[in-house]
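Numbering (the working numbering), first residue to last: 171 to 291. Backbone N, C-alpha and C fix where the C-beta goes; we use that ideal spot for every residue, glycine too. This report concerns only the one structure given below.
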DNA sequence: ATGCTGACTATGT
DNA sequence: TACATAGCCAGCA
C-alpha cells in the first residue's frame, strides 16, 4: 500500500495527538511512530500545515535533546510553547531544555515526589 | 526538470 | 558548549 503524502501527514498528526499530557516527544520519535523513521523534517513540515485553531498539542513536540526548536519558525511560538508545557507540569532545565528522561514520552514517568522506599515526608 | 529550502538529527571539530 | 557538515526527502520556485 502506498503512502500518500497526505496519509503520512495524517498519521503524524495522529501520533502527536496521542502524546500524553505532561510529556513531550521528539520529532525523530514521532517520525518513527508515523512510519517515516529517519525523516524527522517531515514531521515539522506536517506541523506547519496544521490549520490554526486545530486542537493538536504541538507544544509537546520538541527537538532532539529536549530543546524547544520552534524559535526558528516563530520566536513567539517558542515562548508560548514553554508556557503551555509548564502549565502541564513539565519543568525545564537551566538552559531551557526539557529532561527527556523524566518527561519524554515513554522515557520515564514524571517526577513523583519520592516514590522510593524512603517514605515521603 | 533542476535546484534550493527546511517546526530535524547525528557526528565531527 | 557552539558552529559546521552530511544525510534525509517532500514541497516549491
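How would you write the range of the alpha helix (DSSP H) that residue i sits in, first residue to last?
i	result
residue 198	197-203
residue 246	245-257
residue 235	That residue, residue 235, is in no alpha helix (DSSP H); it is neither H nor E in DSSP.
residue 177	175-187
residue 215	210-218
residue 273	270-273
So, using beta-carbon positions, are residue i and residue j closer together than 9 Å?
i	j	result
residue 203	residue 235	no
residue 195	residue 230	yes
residue 259	residue 248	no
residue 218	residue 197	no
residue 205	residue 187	no
residue 185	residue 200	yes
residue 261	residue 268	yes
Tell me whether residue i is buried or exposed, calling it buried when 16 or more other Cβ atoms sit within 10 Å of its Cβ.
i	result
residue 245	exposed
residue 289	A caution first: residue 289 carries a pLDDT of 37, below 50, which makes its placement in the model too unreliable to give a value.
residue 213	buried
residue 227	buried
residue 193	buried
residue 216	buried
Does the beta carbon of residue i fall short of 8 Å from some heavy atom of the ligand FAD?
i	result
residue 272	Although the ligand FAD was asked about, the structure shown includes no ligands whatsoever.
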